[in-house]
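Numbering (this note's numbering), first residue to last: 117 to 252.
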Amino acid sequence: MSSITWKYVKPLKDVKVIEKFLQENDIHLPEDTLVCMKNNNSGRPNRSIFDTDKAKERVFKAFLSLNSEDKENIYGIYSDEFKDRGIFPFATDPAGNFICVDLMDNNKIIFYNHENSDKEYISSSCEELFGLLYEI
């Protein structure tokens, strides 16, 4: 299988902003997730389809941006809804759902359905998630 390539990656304006944000919100992300977010800021993968434990053919649209002035950024998205559920959104799908780190369950990667608050297991790490992406 060929490696993932990323389109529309935006350079980070200030890497310290995300570190400050995580510290202020007492969020401890796995290193592989944080590195992927920083290296592929706002990026879209060339392979974007994945399966969860409950559904087939979910879509990884793009990483949320770490630049506060960008449209879909983590600072505008992260809210009490996510804090209360112990999840950290880092990417979106085309329908407004989120791919998240489940901070309460061993940092597993999950799909979070914003309409019914369901969580669907994807993988044990961000790195593993990228190995599961495919195209139809």
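Beta carbons: idealized from backbone N, C-alpha and C, even for Gly.
task = Give me the Cα-Cα distance between Pro161 and Val151, rounded to the nearest whole angstrom.
result = Start at 1 with the first residue of the sequence shown, and residue 161 comes out as number 45. Start at 1 with the first residue of the sequence shown, and residue 151 comes out as number 35. So the alpha carbons of these two residues sit roughly 15 Å apart.
query = Does the Cβ of Met220 have 16 or more other Cβ atoms within 10 Å, making it buried, or fewer, making it exposed?
reply = For the purposes of this step, residue 220 is identified with residue 104 of the sequence shown, where counting begins at 1. It counts as exposed.
ask   = What did DSSP end up calling Ile226 once you bin it into helix, strand or coil?
value = The residue given as residue 226 occupies position 110 in the sequence shown. Ile226: strand per DSSP, three-state reduction.
query = Excluding five sequence neighbours on each side, which residues of the same chain lie with their C-beta closer than 6 Å to the C-beta of Asn223?
reply = Here residue 223 refers to the residue found at position 107 of the sequence shown. These residues qualify, in order along the chain: Pro146 and Val217.
message = Tell me the residue span of the alpha helix (DSSP H) that contains Asp218.
response = Position 102 of the sequence shown holds residue 218. No alpha helix (DSSP H) holds Asp218; the beta strand (DSSP E) holding it covers Phe214 to Asp218.
ask   = Whole-angstrom Cβ separation of Asn157 and Val133, contact assumed at under 8 Å?
value = Sequence index remark: in the sequence shown, residue 157 carries index 41 (1-based). Sequence index remark: in the sequence shown, residue 133 carries index 17 (1-based). 11 Å between Cβ atoms; not a contact.
message = Considering just the uninterrupted stretch of the alpha helix (DSSP H) at Tyr191, what are its terminal residues?
response = Walking along the sequence shown from the start, residue 191 turns up at place 75. Ile190 to Ile193 is the span of the alpha helix (DSSP H), which, as asked, contains Tyr191.
query = Closest to Ser253 by CA distance: which of Asn141, Glu173, Ile252 and Glu251 is it?
reply = Coverage of the chain is limited to positions 117 through 252, which leaves residue 253 absent and any answer about it impossible.
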